[in-house]
Each structure stands twice: as C-alpha cells, then as structure tokens.
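S.K.: Take the sequence shown: its letter number 79 is residue 114 in the working numbering, and every next letter is one higher.
Glycine is no exception: its CB is placed at the ideal position from the N, C-alpha and C atoms.
The structure follows.
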Amino acid sequence: MGSTRWRWLVWVGAGVSVVGLAVFLWGEGLDRANQWAGVLGLFVGLAGLVLSVTGGVRGRGGGQSADGAAAGGSVRMVRDVKGDVVIGGRSASGPVPEASTAPVTDAAGDGQSARGVRAGGDVNLVDGVEGSVRFDEPQP
C-alpha cells in the first residue's frame, strides 16, 4: 500500500473515531460524559508515557545504514572514532555492479548495515575505534 494511501486511511480512521466518540459522549449526558472523559484521558496519558519511554530507549542506538546504496566508488561508514580518520588517495571508481547476494553488516550487530549495496569499490564499516583509521587505496 502506498504512503499517500496509508496516510489518507489513517486520517479517515482518526476522524471517524473522533466523531464516534463525540456522538457517544453526547448521548451519555454531561455528567457521565465528564466521567468518561476522565477515564479516557487517563488511558491516553498512559499510552503517551509508554510511547515516549520506548521511543527514548530506541533512539539511543544511533545506527548507520547504507542499505540499497549504489556507488561507482567505495562506500565508507565511520562512527564513534576517538582519534583521527585519514583516508589516503582517491578511491578507485568503476561501474556500479549488479546486486550482490551477500549482505555486508557489522559483526556486533549494533546498528551499522550495508545490505544490498552495489559498489564499484570497497565497502567499509568502522565503529568504536580508539585510534586512527586509515584507508590507503591505490591511485587510479
């Protein structure tokens, strides 16, 4: 299902829900509607708290992704380096190859991925290095 169609369905569903809730509360009368609003507000507040806590926990990963990238040269992803990063020479470039069957991902599984990358050069994933990182490639 397309993104535009999905958004349209979400907005229509939300609108129908709000109208249905308004009709229900109107039918209950002012006093009972006030009681229902308090109970519903409690659950909406709890749901918001849960979503904000889970979003904060998930957001700490800081993953990097080059999934599906196509490059005539090398693809490099560098993260969390405490020293210098030195990239020597110009990267050799060539035609973008056909899709590879073997995904390139980091061994630790901590958020760096390069699945389905098509690169004419090397694919490098670097993370958590305390010293310098150097890519020495031959000049074309």
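1. Determine contact between the segment 156-164 and the segment 105-125, defined as no fewer than three beta-carbon pairs at a distance below 8 Å.
2. Using the three-state DSSP reduction, which class does Val116 fall into: helix, strand or coil?
3. Could you tell me the alpha carbon to alpha carbon distance between Asn69 and Gln147, rounded to whole angstroms?
4. Taking the CB atoms as reference points, tell me whether Gly155 and Ala101 lie closer together than 8 Å.
5. What's the C-alpha gap between Ala72 and Val79?
6. Just to confirm, is the Cβ distance from Val121 to Arg169 under 8 Å?
7. Within 10 Å of its beta-carbon, does Val152 have 16 or more other beta-carbons around it, so buried, or fewer, so exposed?
8. In terms of residues, what are the limits of the beta strand (DSSP E) holding Ser148?
9. Is Ser109 helix, strand or coil when you go by DSSP?
10. Residue range of the beta strand (DSSP E) that Val58 falls in?
11. If you compare alpha carbons, which of Gly166, Ser87 and Gly108 is closest to Asp119?
12. I need the straight-line Cα distance from Val53 to Val47, nearest angstrom please.
13. Tell me the residue span of the beta strand (DSSP E) that contains Asp162.
M.R.: Straight from the coordinates:
1. At 8 Å Cβ cutoff, the stretches touch.
2. Numbered from 1 along the sequence shown, position 81 holds the residue referred to as residue 116. Under the three-state reduction of DSSP output, Val116 falls in the coil class, being neither helix nor strand.
3. Indexing the sequence shown from 1 puts residue 69 at position 34. Indexing the sequence shown from 1 puts residue 147 at position 112. Straight across, the Cα-Cα distance linking Asn69 with Gln147 is about 50 Å.
4. Along the sequence shown, read from residue 1 onward, the residue named residue 155 stands at position 120. Along the sequence shown, read from residue 1 onward, the residue named residue 101 stands at position 66. Between Gly155 and Ala101, the CB-CB gap reaches or exceeds 8 Å.
5. Position 37 of the sequence shown, counting from 1, holds the residue named residue 72. Position 44 of the sequence shown, counting from 1, holds the residue named residue 79. Going by the C-alpha atoms only, they are around 10 Å apart.
6. Working through the sequence shown from its first residue, we reach residue 121 at position 86. Working through the sequence shown from its first residue, we reach residue 169 at position 134. Yes, these two residues count as a Cβ contact at 8 Å.
7. Position 117 of the sequence shown, counted from the first residue, corresponds to residue 152. Looking at its Cβ environment, which holds 16 or more other Cβ atoms inside 10 Å, Val152 is buried.
8. By 1-based counting over the sequence shown, the position of residue 148 is 113. Its beta strand (DSSP E) spans residues Gln147 to Ala149.
9. As a working mapping, residue 109 is identified with position 74 in the sequence shown. Coil.
10. One-based indexing of the sequence shown puts residue 58 at position 23. Note, Val58: premise wrong, no beta strand (DSSP E); alpha helix (DSSP H) at Ser38 to Glu63.
11. By 1-based counting over the sequence shown, the position of residue 119 is 84. Selection Gly166, Ser87 and Gly108 evaluated against Asp119 yields Gly166 as nearest (Cα-Cα).
12. Start at 1 with the first residue of the sequence shown, and residue 53 comes out as number 18. Start at 1 with the first residue of the sequence shown, and residue 47 comes out as number 12. The straight-line gap from Cα to Cα measures roughly 10 Å.
13. The residue labelled residue 162 in the question sits at position 127 within the sequence shown. According to the DSSP assignment, Asp162 belongs to the beta strand (DSSP E) that extends over Val158 to Asp162.
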